[in-house]
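What follows is one structure encoded as structure tokens, with my remarks underneath.
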Amino acid sequence: AGFFAEVGDLRDYQHPRQIVKLAGLSLKENTSGKHKGQTKITKRGRKKLRALLFRAAMILVAKNKAFKALHIYYTTRSHNPLKKMQSLIALCNKLIRILFSIGKKQFTFQEDKML
795 AGFFAEVGDL RDYQHPRQIV KLAGLSLKEN TSGKHKGQTK ITKRGRKKLR
845 ALLFRAAMIL VAKNKAFKAL HIYYTTRSHN PLKKMQSLIA LCNKLIRILF
895 SIGKKQFTFQ EDKML
């Protein structure tokens with residue numbers, strides 16, 4: 795309910811990336827010339843929405859076996875393993891895409907399609 799209160803009507807959005815940007819979870823890279831810096835989230839969106847999504851992702855990792863398996867996969871994969879916080883941010887983005895497809899396209903949540 796908090797997600798839909800912060801985001802508003804999902805018909806106003808064409809793509810879940812717009813909601814990711816609204817939450818301030820889109821990535822930016824700090825580069826200049828030959829220097830290649832770290833990639834971080836922008837934090838330029840709604841702080842409450844970002845906090846709500848992060849708390850929801852934490853609960854889903856603890857209680858939902860599909861999200862827990864995806865978190866373990868992200869942190870232990872052999873190619874480019876993520877740190878735990880990076881994995882949680884990736885799961886926040888995944889949660890946005892899931893809620894967008896449930897709310898706008900009327901799809902049902904299917905755990906087997908998580909990976």
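Following the numbering used here, the numbering of the sequence shown begins with 795 at its first residue and continues without gaps.
Ideal Cβ positions, reconstructed from N, Cα and C, are used throughout, including at glycine.
Residue i versus residue j - alpha carbon distance
i    : j    : result
F848 : R838 : 15 angstroms
L816 : K877 : 24 angstroms
L882 : A850 : 10 angstroms
A799 : S820 : 20 angstroms
N918 : K862 : Nothing can be reported for residue 918: it is not among the residues displayed for the chain, which extend from 795 to 909.
A856 : M879 : 14 angstroms
Anticipated Cβ contact below 8 angstroms, residue i with residue j, distance rounded
i    : j    : result
L909 : L864 : 6 angstroms
F894 : L804 : 6 angstroms
N- and C-terminal bounds of the beta strand (DSSP E) containing residue i
i    : result
Q832 : 829-835
Neighbourhood of residue i by C-beta, 6 angstroms cutoff - its chain only, sequence neighbours within 5 removed
i    : result
A860 : E905, M908
Residues near residue i by beta carbon distance below 7 angstroms, same chain, minus five either side
i    : result
E823 : G831, T833
I892 : F903
G796 : L846
T836 : G818, S820, K822
Alpha helix (DSSP H) segment containing residue i, residue limits
i    : result
S826 : No alpha helix (DSSP H) holds S826; the beta strand (DSSP E) holding it covers 821-826.
G897 : 878-897
Three or more C-beta pairs below 8 angstroms linking the segment 856-872 and the segment 817-835: No contact exists between the segment 856-872 and the segment 817-835.
Is there contact here, the segment 880-899 with the segment 808-815, by at least three beta-carbon pairs under 8 angstroms? Judged by Cβ distances under 8 angstroms, the segment 880-899 makes contact with the segment 808-815, as three or more pairs qualify.
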